[in-house]
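Colleague:
Chains as they are written, first to last, in full-length UniProt numbering: chain W, 1 to 468; chain R, 1 to 527.
(1) Does the distance from the C-beta atom of residue 81 (chain W) to that of residue 343 (chain W) stay below 8 Å?
(2) For residue 353 (chain R), which three-state DSSP category applies?
(3) Can you give me the start and stop residues for the alpha helix (DSSP H) that residue 492 (chain R) sits inside?
(4) Does residue 181 (chain R) come out as helix, strand or coil in the three-state DSSP assignment?
(5) Mind checking if residue 73 (chain W) is an interface residue toward chain R, Cβ cutoff 8 Å exclusive?
(6) Going along the chain, which residues of the stretch 85 to 112 of chain R sit with their C-beta nearer than 7 Å to a C-beta in chain W?
(7) Using the rule of at least 16 other Cβ atoms within 10 Å of the residue's Cβ for burial, across every protein chain shown, is residue 140 (chain R) buried or exposed?
(8) Whose C-alpha, out of R:388, R:38, R:354, R:333, is nearest the C-alpha of residue 340 (chain R)?
(9) Taking 8 Å as the cut-off, does the stretch 71 to 83 of chain R touch the stretch 348 to 358 of chain R (at least 3 CB pairs, one atom from each stretch)?
(10) Is it right to say residue 12 (chain R) is buried, meaning 16 or more other beta carbons lie within 10 angstroms of its own, or is it exposed?
(11) Sort R:66, R:490, R:65, R:31 by Cα distance to residue 49 (chain R) and report the nearest one.
(12) For residue 246 (chain R), decide whether its Cβ has a neighbour in chain W, counting only Cβ atoms nearer than 8 Å.
(13) The alpha helix (DSSP H) that contains residue 494 (chain W), what's its start and end?
(14) Indicate whether at least one CB of chain W lies closer than 8 Å to the CB of residue 28 (chain R).
(15) Under 8 Å between the Cβ atoms of residue 110 (chain W) and residue 135 (chain W)?
(16) When the Cα atoms are used, what is the spatial distance from residue 294 (chain R) to residue 276 (chain R)?
(17) Tell me the rounded alpha-carbon separation between residue 388 (chain W) and residue 397 (chain W).
(18) Using a Cβ-Cβ cut-off of less than 8 Å, list which residues of the stretch 293 to 312 of chain W approach chain R; keep chain order.
(19) So the alpha helix (DSSP H) residue 72 (chain W) belongs to, where does it begin and stop?
(20) Can you pull out the residues from the stretch 148 to 159 of chain R whose beta carbon lies closer than 8 Å to at least one beta carbon of chain W?
(21) I'd like to know if residue 405 (chain W) contacts chain R, where contact means its C-beta is closer than 8 Å to some C-beta of that chain.
(22) Mind checking who residue 292 (chain R) pairs with in its DSSP beta bridge?
(23) Comparing the C-beta of residue 381 (chain R) with each C-beta of chain W, is any distance below 8 Å?
(24) Do residue 132 (chain R) and residue 198 (chain R) have their C-beta atoms closer together than 8 Å?
(25) Mind pulling the beta strand (DSSP E) runs of 3 or more residues that sit fully within the UniProt domain "BING4 C-terminal" (350 to 428) of chain R?
(26) Leaving out the 5 sequence neighbours to the left and right, which residues in its chain are closer than 7 Å to residue 170 (chain R) when beta-carbon positions are compared?
(27) Does any C-beta atom of chain R lie closer than 8 Å to the C-beta of residue 31 (chain W)?
(28) With a cut-off of 8 Å, does the C-beta of residue 56 (chain W) fall near any C-beta of chain R?
(29) From which residue to which residue does the beta strand (DSSP E) around residue 425 (chain W) run?
(30) Quick check on this structure: which residue in R:214, R:18, R:72, R:117 has the alpha carbon closest to the alpha carbon of residue 321 (chain R)?
(31) Can you check whether the C-beta of residue 25 (chain W) is within less than 8 Å of a C-beta belonging to chain R?
(32) Taking Cβ positions only, does residue 487 (chain R) come closer than 8 Å to chain W?
(33) Could you name the residues of the same chain whose beta carbon sits closer than 7 Å to that of residue 275 (chain W), not counting the 5 residues immediately before and after it, in chain order?
(34) Quick one: residues in its chain with C-beta nearer than 6 Å to the C-beta of residue 580 (chain R), no 5 flanking neighbours on either side, listed in chain order?
(35) Am I right that residue 333 (chain W) and residue 319 (chain W) are in contact with their C-beta atoms under 8 Å? What's the rounded C-beta distance?
(36) Going along chain R, which residues have a C-beta under 7 Å from residue 46 (chain W)?
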């Protein structure tokens with residue numbers, strides 16, 4: 001130990017007497033010029049010098065956590081997804097079609113007549129009486145100048161996209177009479193070819209009035225047919241024998257078929273990944289398949305409490321939205337087994353058709369009670385042009401929420417959704433039933449000879465067989 | 001027609017290298033190993049996030065080279081001691097504005113003075129023992145308020161900005177506006193001797209003469225917790241700016257560390273053989289300096305709880321203060337000494353020294369300035385200590401040159417980011433770490449939350465059967481069957497485990513034998 005203070009006392013006594021020029025070293029004292037730190041005029045912006053030294057910014061992690069918590073709470077505060085309801089139909093809306101070139105135009109077909117909507121003004125632009133009976137399917141041609149509709153009166157009609165001028169009557173460009181009712185229609189992405197399904201899958205050329213090729217595989221009816229948007233020669237259809245059939249347009253016979261436990265209502269190809277498609281099934285689930293490996297689905301998406309009626313992918317290919325008989329719409333990430341968002345309204349009844357707009361921002365749902373509703377795809381997003389600082393703040397909040405998403409308090413707040421009582425009760429009941437089934441299966445396996453009851457994973461459970 | 005001009009090649013291609021110590025200054029955490037190869041997506045995510053944090057570290061280090069100001073320094077010639085230099089010498093040698101920072105306020109009537117500088121370093125609060133309380137902007141000498149509270153003043157402290165301050169008076173705690181208007185008289189906080197303000201939590205921690213450590217949330221005005229420390233009179237208090245832990249020094253030589261989440265101290269350290277007179281913690285939360293009645297000055301590494309240095313001071317040190325750049329000021333009687341770098345190589349003599357006019361009652365370094373404020377019996381002295389203050393402040397955190405609008409914006413953002421007291425702990429970055437709690441701990445937590453053990457086997461109750469099949473004998477038989485089944489399960493499991501262990505052992509022995517057997521070709525000739 002060093003007696004440190006002792007030296008100073010002696011020197012202090014001496015110092016007071018002697019003059020001050022004894023000091024010969026160097027000295028600098030911190031003195032700032034305020035002109036460097038204060039703005040010159042009122043019209044300038046304030047000067048903000050930065051120093052990123054971590055010791056000047058303690059508590060980095062707790063402060064970021066608090067900001068993430070605030071951001072999550074604010075997201076729930078601003079989550080108001082419902083935008084508008086388009087009414088005008090006089091019967092339940094059955095199908096919808098997106099315009100490939102115009103974001104503000106949308107077509108919908110109801111159980112009598114069709115309508116063309118302008119979405120920016122949220123009003124109906126044109127009505128035409130298309131079919132006697134239900135309009136089963138509609139699709140806009142890839143160039144955007146005409147569209148096709150099929151209906152219960154066994155006809156396929158092609159119409160012009162532009163409104164007929166004053167005095168002209170609404171007349172289809174082309175009418176094709178078929179032998180049986182058509183249930184769905186889809187158009188090729190590049191060529192003048194379209195496909196319909198009903199009793200069998202027919203591929204038509206626009207110039208001919210009889211199909212150039214027909215596929216059938218011993219099934220009595222098909223409910224949906226879709227062209228692959230990337231690999232444009234492939235198509236898939238949902239059949240009433242609980243199967244999904246894959247076709248190649250260039251071949252004479254269908255490619256493969258996968259038979260599941262229950263029937264699929266519709267399917268949608270992933271616009272970014274050429275080989276994946278998602279089908280909406282009657283057993284309250286959606287299944288994403290890889291076209292090359294149909295023996296078990298890639299993912300099983302479970303969250304609905306009643307039959308899923310329609311599915312549509314976002315143009316980014318990362319999420320899809322599903323419409324169900326249980327009066328809700330759910331948005332799923334493409335690889336997750338559960339939904340990230342659920343939309344419901346007291347006034348919205350069974351949702352028949354759903355579309356995700358091509359600018360990735362809006363969702364359109366068509367339901368039984370003659371209304372089409374416009375929703376935001378991200379419920380808490382601010383629409384319109386954002387200032388650069390707003391954009392930076394939104395990006396920062398988003399990243400913070402991602403960083404702390406696994407912390408229990410934050411997860412609890414971000415997952416919280418209000419559900420109608422019927423759906424909440426129904427989902428609890430389904431969970432109890434599933435748990436009971438699982439427990440019974442475990443007991444049977446426990447009390448039987450080991451190996452006599454093989455473990456079947458959840459994914460394998462729903463596929464019966466793949467037929468080539 | 002045009003010949004291509006031969007281009008000179010750049011002898012130092014690429015961007016300039018950043019010095020290693022600057023990179024280490026901005027390093028946060030260690031890089032763990034990547035997840036194993038089959039988990040491609042996780043590997044990709046980890047690699048990308050590590051690349052982003054590397055980029056941030058490099059950009060920070062580059063920016064650090066461009067900071068506008070440099071720290072002050074005082075260097076003597078080879079045979080000259082810097083501690084012989086007086087304040088008047090320094091004032092003569094530097095410019096007028098720096099020289100104006102050495103001044104004295106003669107206030108001999110109202111007793112020894114305690115002082116506090118606000119977080120930006122712009123405003124000074126003085127509290128005399130006999131009741132004189134004044135706050136002023138010390139650089140422009142503009143008086144904000146001056147009053148006498150007509151009571152003993154034990155301690156004064158600025159709250160989050162220069163708009164509010166707290167005064168611990170004889171009986172209760174009072175909160176005043178910077179114009180001198182009394183805003184609150186908080187009777188729950190009685191006999192307060194010392195106060196510390198935790199700026200990022202908006203908590204005022206007070207230590208009382210009755211042994212209570214109380215926390216007051218000044219943003220909502222509620223008492224967070226009142227801890228009975230059971231350690232007698234608490235008049236030595238410091239706070240660790242890195243993790244917001246309160247250090248209390250006691251008369252039995254121990255220093256205890258407290259958070260508002262626990263009724264017991266987190267850590268108890270025996271530091272001195274007599275009572276502890278003063279405690280100071282540096283801004284990075286690595287070193288703690290304590291002085292005691294045994295006339296020793298000790299330096300501890302507070303992260304590992306190890307003693308680093310121990311010095312002997314002939315008169316002890318009654319007040320300690322650490323500056324932003326690591327200078328330590330120790331005051332005894334009327335002499336104030338400043339030491340540089342006490343935790344490195346053992347210090348032999350002080351860096352600077354000064355004799356105040358009266359006995360020293362409080363010392364405090366001014367943030368972002370090369371100034372040490374000394375409160376003593378005859379008033380207040382502000383002395384110049386070159387190299388004490390951090391030269392470059394961050395405009396978004398504590399800006400001494402902020403306008404009223406900037407202060408308002410900062411206050412709102414600080415209130416929104418206010419950290420809850422539940423997050424105060426020894427390691428502030430605990431939230432960002434992976435929770436490796438053991439399975440047993442999680443199970444115990446779950447049992448506690450649910451009220452029962454979800455994994456415990458339910459007692460088998462046989463179903464009631466009709467037609468005489470539920471007689472007591474038959475019920476007992478059914479129960480015995482299930483019990484035998486369970487026993488067989490357990491036996492089967494243990495037999496399987498034992499067989500697995502035996503198999504592994506046999507394989508190991510076989511491998512060893514095979515390896516030993518390959519030793520040499522001449523082994524076959526051995527008998």
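By construction, the Cβ of each residue, glycine as well, lies at the ideal position given by its N, Cα and C atoms. The structure displayed is predicted, hence computed values, not measured ones.
Modeller: Taking the structure as given:
(1) Taking the first residue of the first chain as position 1, residue 81 (chain W) is located at position 81. Taking the first residue of the first chain as position 1, residue 343 (chain W) is located at position 343. Yes, they are a contact pair.
(2) As a first step, residue 353 (chain R) is located in the second chain; it is residue number 353 there, counting from the start. In the structure shown, residue 353 (chain R) sits in a strand (DSSP, three-state: E or B).
(3) Here residue 492 (chain R) refers to the residue found at position 492 when the second chain is read from its first residue. Per DSSP, residue 492 (chain R) belongs to the alpha helix (DSSP H) from 472 to 517.
(4) Translated into positions along the second chain, residue 181 (chain R) becomes position 181. Three-state DSSP puts residue 181 (chain R) in coil, outside helix and strand.
(5) Residue numbering aside, residue 73 (chain W) sits at position 73 when the first chain is read from its first letter. Output row for residue 73 (chain W): interface = no.
(6) Answer set for the stretch 85 to 112 of chain R: 85, 86, 88, 89, 90, 92, 93, 94, 95, 97, 98.
(7) Stepping through the second chain from its first residue, residue 140 (chain R) is reached at position 140. With fewer than 16 other Cβ atoms within 10 Å, it is exposed.
(8) As a working note, residue 340 (chain R) is residue 340 in the second chain. The residue with the shortest Cα to Cα distance from residue 340 (chain R) is R:388.
(9) yes
(10) In the second chain, counting from the first residue as 1, residue 12 (chain R) sits at position 12. Answer is exposed; the Cβ neighbour count stays below 16.
(11) For the purposes of this step, residue 49 (chain R) is taken as the residue at position 49 of the second chain. Ranking the options by Cα distance to residue 49 (chain R), first place goes to R:31.
(12) The residue you call residue 246 (chain R) lines up with position 246 of the second chain. Not closer than 8 Å to any Cβ of chain W, the Cβ of residue 246 (chain R) fails to qualify, so no.
(13) In the structure as shown, chain W begins at 1 and stops at 468. Residue 494 (chain W) is therefore absent and cannot be evaluated.
(14) For this step, residue 28 (chain R) is matched to residue 28 along the second chain. With 8 Å as the cut-off, residue 28 (chain R) counts as an interface residue toward chain W.
(15) Taking the first chain and counting its residues from 1, one reaches residue 110 (chain W) at position 110. Taking the first chain and counting its residues from 1, one reaches residue 135 (chain W) at position 135. A Cβ-Cβ contact shorter than 8 Å links residue 110 (chain W) with residue 135 (chain W).
(16) By one-based count along the second chain, residue 294 (chain R) stands at place 294. By one-based count along the second chain, residue 276 (chain R) stands at place 276. Residue 294 (chain R) and residue 276 (chain R) have their C-alpha atoms some 9 Å from each other.
(17) Numbered from its first residue, the first chain carries residue 388 (chain W) at position 388. Numbered from its first residue, the first chain carries residue 397 (chain W) at position 397. Rounded to the nearest angstrom, the two C-alpha atoms are 14 Å apart.
(18) none
(19) Numbered from its first residue, the first chain carries residue 72 (chain W) at position 72. From DSSP, the alpha helix (DSSP H) with residue 72 (chain W) extends over 60 to 77.
(20) Look at the stretch 148 to 159 of chain R: it has no residue with a C-beta under 8 Å from a C-beta of chain W.
(21) As a working mapping, residue 405 (chain W) is identified with position 405 in the first chain. No, because no Cβ of chain R sits closer than 8 Å to the Cβ of residue 405 (chain W).
(22) Here the question's residue 292 (chain R) lines up with position 292 in the second chain. Bridge partners of residue 292 (chain R): R:276.
(23) Here residue 381 (chain R) corresponds to residue number 381 of the second chain, with the count starting at 1. Taking Cβ atoms only, chain W never reaches closer than 8 Å to residue 381 (chain R), which makes this a no.
(24) Here residue 132 (chain R) corresponds to residue number 132 of the second chain, with the count starting at 1. Here residue 198 (chain R) corresponds to residue number 198 of the second chain, with the count starting at 1. In this structure, residue 198 (chain R) does not lie closer than 8 Å to residue 132 (chain R) by Cβ.
(25) For the UniProt domain "BING4 C-terminal" (350 to 428) of chain R, the continuous beta strand (DSSP E) assignments of 3+ residues that do not extend past its boundaries occur at 352 to 355, 360 to 365, 371 to 376, 379 to 384, in sequence order.
(26) Counting from 1 along the second chain, the entry for residue 170 (chain R) is found at position 170. Same-chain partners within the cutoff: 151, 152.
(27) Taking the first chain and counting its residues from 1, the one referred to as residue 31 (chain W) is at position 31. Yes, because at least one Cβ of chain R sits closer than 8 Å to the Cβ of residue 31 (chain W).
(28) Residue 56 (chain W) sits at position 56 when you count from the first residue of the first chain. Residue contact check for residue 56 (chain W) against chain R: a CB pair falls below 8 Å.
(29) Here residue 425 (chain W) is taken as the residue at index 425 of the first chain, counted from 1. Per DSSP, residue 425 (chain W) belongs to no beta strand (DSSP E); it is in the alpha helix (DSSP H), 421 to 446.
(30) As a first step, residue 321 (chain R) is located in the second chain; it is residue number 321 there, counting from the start. When only C-alpha atoms are compared, the closest one is R:117.
(31) If you number the first chain from 1, residue 25 (chain W) lands on position 25. It does; some Cβ of chain R falls within 8 Å.
(32) One-based indexing of the second chain puts residue 487 (chain R) at position 487. So, not an interface residue.
(33) Mapped onto the first chain, residue 275 (chain W) falls at position 275. Answer for residue 275 (chain W): 290, 291, 292, listed in chain order.
(34) Lying outside 1 to 527, the shown extent of chain R, residue 580 (chain R) is not represented and no answer is given.
(35) Position 333 of the first chain, counted from the start, is the residue given in the question as residue 333 (chain W). Position 319 of the first chain, counted from the start, is the residue given in the question as residue 319 (chain W). Indeed, because the Cβ distance is near 5 Å, the residues count as touching under 8 Å.
(36) As a first step, residue 46 (chain W) is located in the first chain; it is residue number 46 there, counting from the start. Within chain R, the residues near residue 46 (chain W) are 403, 406.
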